């Protein structure tokens, strides 16, 4: 190698999943796949990771899931309160109302976490590194080809996607032919995820279009440590003034992000119609802020941490995948305004949805057709997001209603949107439509545990040691489906016989998909309505073959302050019982009747691959 | 150095605090002092840290304090439930009752954490290492001398204690004269802490006696992963059977510790009267266990993690210090039975009590006489501990009451002791008597915040961002006294004038002790009873010169589920107000009347050193 200067040196390699782009969507995917032991590679054309700025809001649902909570809660700021300011009679602005920032009643963490994107990415990067996976950077993709060979596409073990790269960050339009470059590389992948942002090279190269339009709303963003007498500087604020609108997002340490509305003339180049960043900087953003906040004052800080200007555009990609071998995710498939704090969350949720499906397919557990549910579920979500964002951005960018301007946006109008979409903005209201993996036939057996939504948080108590546990913590994204079995009262001897038969029936249904022991592919969590004073955990751990820590009861903890009412909160009748199938991403996939375990088989046969012949059901 | 073989090589060095012994008491001291930036050295004669066995229970109070909670909760097992078994009518044992393991109602963590001693020590060792402090080992002390010179003893900057060491672990009775050893060392210390265990060399060498006696109760202890059908194996259990008593302590992973009562003849050498470890091993302990647990069964495990045998002795050292320059702590000053889970906690609390006092004296903030309160507070506690332990051990080792043996211990007798002492065993009931630093004159101004006890846990809400915070988390052991100022309603303009004057008065009182800015030596936490809907945090942060995150209000959080009633839970009248002085170890030192700030001055003048002339009060 040492002697071959100035000649082409092309490395070729195979990988199961190649991820292009190491932002939140790409890192979520790489981390999830690495944790599942999938052979994965992630590349990025930026030479370094993000240091400041960019996205910063983590929704309650994102905190709940993904094993991020501990570090997010330690490092991030929490936003509990939202304050609304409007024009006051005496000129300037005044406080109209303070309300809880997260209105969704079932939020386990009733707040948002704010933290700069680099810190959030570091959580994934650190955990990935402990698994031996690093981002390869800077590496610029130059071509991508997907095989047209149907046989190859059907064979999950083939590598039908060919991607070539050159080392370094290269502006593509200046590229000379590939063989002029000293170092380059060709990767053959089973699957590719394009998580390369709003200007996605993957999306453009594969001719996937982005549908939608640009608005005329122009906003500036600035991160700084403020020195102000404004009494809500540590709350999320929506300010409607006669001098424009502003949003405050308090951040880690003493930092704050300000979104400031700009008049067209401030920043748009009259000739080209484009935003002209040479005409405006953070000092101009601060000047605009001061006009909006009058009579409150902001001193000029010693420095600004980050700033930018953007025009809101709302667009969704026409397709999210090519032949179910290349997928795009995150900003590559949806762009919208950042102020509702959706961007990073939507992006991470895209690949969280995709990663477990890829893992199940690559392990040979699920059929490749499972991957179609990615576009089905996430494109519908993206459309809902854009539709919400249109309404929100319009009301937020609109002039406030005053006696002189009765067509303006009233506080009531704005507040209504804020409340109505709280399930959506918190990430908690996401509801996947019926599909292969979302079967709502037996919703009546667990009336309040909505099929297609995430499992409601609920504290149960461990039968063996009365320790209270949050059921969500027993449902990690470890690629396995979970079966929560509401068995009724296991302290009752007659019922126990019934439970014994049920346990055998469940084993019969699952065994074909998991010949090496059921817990390799599934996790069973039995929940009894026996009480802590007399329950015997070993009655159930033996029947279901599970570890003692997985046997739960529906009772309060020893202090009486936590837990209880789980059956009723989920709408399960103790005398009837129910089996809840939870997808690896924490969403309810189906409810099976306690008395009809066959339905469980009918669900799994729809997308899972039988490893041994199915028994006669 | 290389050429000088076989000749004496004596290093000499000075240190502020020398700690002998790196068990829980020594490590707590070293860690606390290192965190405070004190020049500290810790030595141990054991070549390695503890790997298994030894103490394993962490009380609720120990979890609350010391910044250990996060890692303890992640790594340890939690004990929520206690189960009691007694002889059943049909032979063998049966469940009598299950109750909460921690009955103290104000416990913030209503459970114990169990984890082997090595893991607990590792928490300190890791944190110390990040501060650049390591245990010097193996190093055996050979002599200790305390100066008799009064002038030197009075001068806090002198090094009146001389300790010599030899490198290695050496059995002292076999020692030849010091100069026969190649490597040795002399340390001159300002202060020495002897935390070298029940057989303390420091204690013996300084002729401090251990008063008390040995009982006739002989117990075995074995740690293992059990395979049993006993349904309470994951609860703390007290088993009284006609074949002896047993206690179960469930532990991390699937491990369990068993304390098993042994008959005298099993283990006592008839000639010497000593426990004969050659006559008994873990298999014999398991056999005794099986007899006690009948009809439940225990399979023989593949291995035992740790085991030992002990005779209960209850003793307290006659003195805890020599000239306030050498202190003994932990097992060096009190020994007792391990079953109530007190040992490690008592030891760590000893040096937690001592470390902040040493820090304040070494920094020149407090007078050296402050150190007398160590023995005053901790010896009284040790005596209470021994008195409790006598009653507990007697009842636990006693035969159960049956129809044939009506003089035996009834479940009611035992349960009563268990409940009565719950404040004590949880560590929460510790109550330091009046002294220089514990002044209960104005208890009536905060009726329920008992002076001399730890600050009751209570959730308040931050005024700036409505985030709920546990007040205990704002009272870290950072060597500073904290002043919690209950100001009343800061939203009321008249009251605000009153608060302004109070803030000035407090500053006048504290300034002499803290000329470089009050927050160098004290932390002020104002708590308003204004509500989150209208409070302005900056009203108070400005007056008291504190960070926005320290201004609290007595209100519920946004979900309405946490916080509120803080004034009433502490017994403070909103219209009156109160100032609570919290010691650096989290105990209430005094309550000062809102209307009489002079009393605050009278408290601090008792032990703190004035850096500038006191203003005229």
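Residue numbers (our numbering), protein chains in the order written: chain A, 4 to 620; chain B, 4 to 620.
Using N, Cα and C, we set each Cβ at its ideal position, and we do this for glycine too.
Quick caveat, the model's predicted, so the values are computed rather than measured.
Quiz item: Residues in the region 103–121 of chain A with C-beta within 9 Å of chain B's C-beta atoms, listed in sequence order?
Solution: 103, 104, 105, 108, 110, 113, 114
Exercise. Report yes or no: do the region 560–578 of chain B and the region 422–433 of chain B share at least 3 C-beta pairs separated by less than 8 Å?
Key: no
Self-check item: Partners in chain A for residue 84 of chain B, counting only beta-carbon separations shorter than 8 Å
Solution: 468, 469, 535, 561
Practice problem: Report the three-state DSSP secondary structure of residue 103 of chain B (helix, strand or coil). | Solution: strand
Quiz prompt | Coarse secondary structure for residue 250 of chain B, derived from DSSP in three states | solution = strand
Practice problem: Could you tell me which residues DSSP pairs with residue 313 of chain A in its beta bridges? | Solution: A:222
Quiz item: Which same chain residues, not among the five before or five after residue 193 of chain A, have their C-beta less than 6 Å away from its C-beta?
Solution: 19, 162
Quiz item: Apart from the five residues on each side of it in sequence, which residues of its chain come closer than 6 Å, Cβ to Cβ, to residue 353 of chain A?
Solution: 28, 332, 333, 381
Quiz prompt | Beta-bridge pairing of residue 485 of chain B - partner residues as DSSP gives them | solution = B:526, B:585
Quiz item: Which residue comes first and which comes last in the beta strand (DSSP E) that contains residue 148 of chain A?
Solution: 142–149
Quiz item: First and last residue of the beta strand (DSSP E) that includes residue 91 of chain A?
Solution: No beta strand (DSSP E) contains residue 91 of chain A, which DSSP labels as neither H nor E.
Quiz item: What does residue 81 of chain B touch in chain A if you count any residue whose Cβ is under 7 Å from its own?
Solution: 470
Self-check item: Anticipated Cβ contact below 8 Å, residue 69 of chain A with residue 355 of chain A, distance rounded
Solution: 7 Å
Quiz item: Exposed or buried, which one is residue 76 of chain A when buried takes at least 16 other CB atoms within 10 Å?
Solution: exposed
Quiz item: Any residues in the region 245–257 of chain B with a beta carbon nearer than 9 Å to a beta carbon of chain A? Which ones, in chain order?
Solution: 253, 257
Quiz item: Are there 16 or more other CB atoms within 10 angstroms of the CB of residue 348 of chain B, so buried, or fewer, so exposed?
Solution: buried
Practice problem: Taking only beta-carbon positions, decide if residue 8 of chain B is within less than 8 Å of chain A. | Solution: Confidence at residue 8 of chain B is low in this model, with a pLDDT of 43, below 50, so its placement is unreliable and the value that follows should be read with caution. Cβ-Cβ to chain A under 8 Å: no for residue 8 of chain B.
Quiz item: Applying a beta-carbon distance threshold of less than 8 Å, which residues of chain B neighbour residue 238 of chain A?
Solution: 467, 468, 469
Quiz item: What in chain B is Cβ-close to residue 74 of chain A, meaning under 7 Å?
Solution: Those within 7 Å of residue 74 of chain A in chain B number zero; the least Cβ separation is about 11 Å.
Quiz item: Looking only at its own chain, which residues have a Cβ that is under 6 Å from the Cβ of residue 127 of chain B, when we skip the five neighbours before and after it?
Solution: 30, 34
Quiz item: For residue 580 of chain B, which residues from the same chain have a beta carbon less than 7 Å from its beta carbon, with the 5 sequence-adjacent residues on both sides left out?
Solution: 489, 490, 491, 597
Quiz item: Quick one: does residue 64 of chain B have its CB under 8 Å from some CB of chain A?
Solution: no
Practice problem: Ignore the nearest five residues each way along the sequence and tell me which others in residue 561 of chain B's own chain have a CB closer than 8 Å to its CB. | Solution: 469, 535
Exercise. Scan the region 538–552 of chain B for residues whose Cβ lies nearer than 7 Å to a Cβ of chain A and list them as they occur along the chain.
Key: 539, 540, 541, 551
Self-check item: residue 420 of chain B (DSSP reduced to helix, strand or coil)
Solution: helix
Exercise. Starting from residue 347 of chain B, trace the beta strand (DSSP E) both ways and give me its first and last residue.
Key: Careful: residue 347 of chain B lies outside any beta strand (DSSP E), inside the alpha helix (DSSP H) at 346–365.
Quiz item: Per DSSP, what kind of secondary structure is residue 64 of chain B in: helix, strand or coil?
Solution: helix
Practice problem: With a threshold of 16 other CB atoms inside 10 Å of the CB of residue 253 of chain A, please say whether the residue is buried or exposed. | Solution: buried
Practice problem: Express the C-alpha separation of residue 80 of chain A and residue 74 of chain A in angstroms, rounding to a whole number. | Solution: 11 Å
Quiz prompt | Status (buried if at least 16 other CB within 10 Å, exposed otherwise) for residue 611 of chain B | solution = buried
Practice problem: Check whether the Cβ atoms of residue 292 of chain A and residue 318 of chain A sit closer than 8 Å, and answer yes or no. | Solution: no
Practice problem: Quick one: which residues of the region 213–244 of chain B get their C-beta closer than 7 Å to a C-beta of chain A? List them in chain order. | Solution: 232, 234, 237, 238
Quiz item: residue 2 of chain A and residue 209 of chain A look like a contact to me (Cβ under 8 Å); what is the Cβ gap, rounded to whole Å?
Solution: No information on residue 2 of chain A is available, as it lies outside the stretch 4 to 620 that chain A covers here.
Quiz item: Which partner residues does residue 42 of chain B have in the DSSP bridge list?
Solution: BP columns for residue 42 of chain B are empty, so no partner.
Quiz item: Applying the criterion that 16 or more other CB atoms from any shown protein chain within 10 Å of the CB defines a buried residue, is residue 613 of chain B buried or exposed?
Solution: exposed
Practice problem: With DSSP as the reference, label residue 371 of chain B as helix, strand or coil. | Solution: helix
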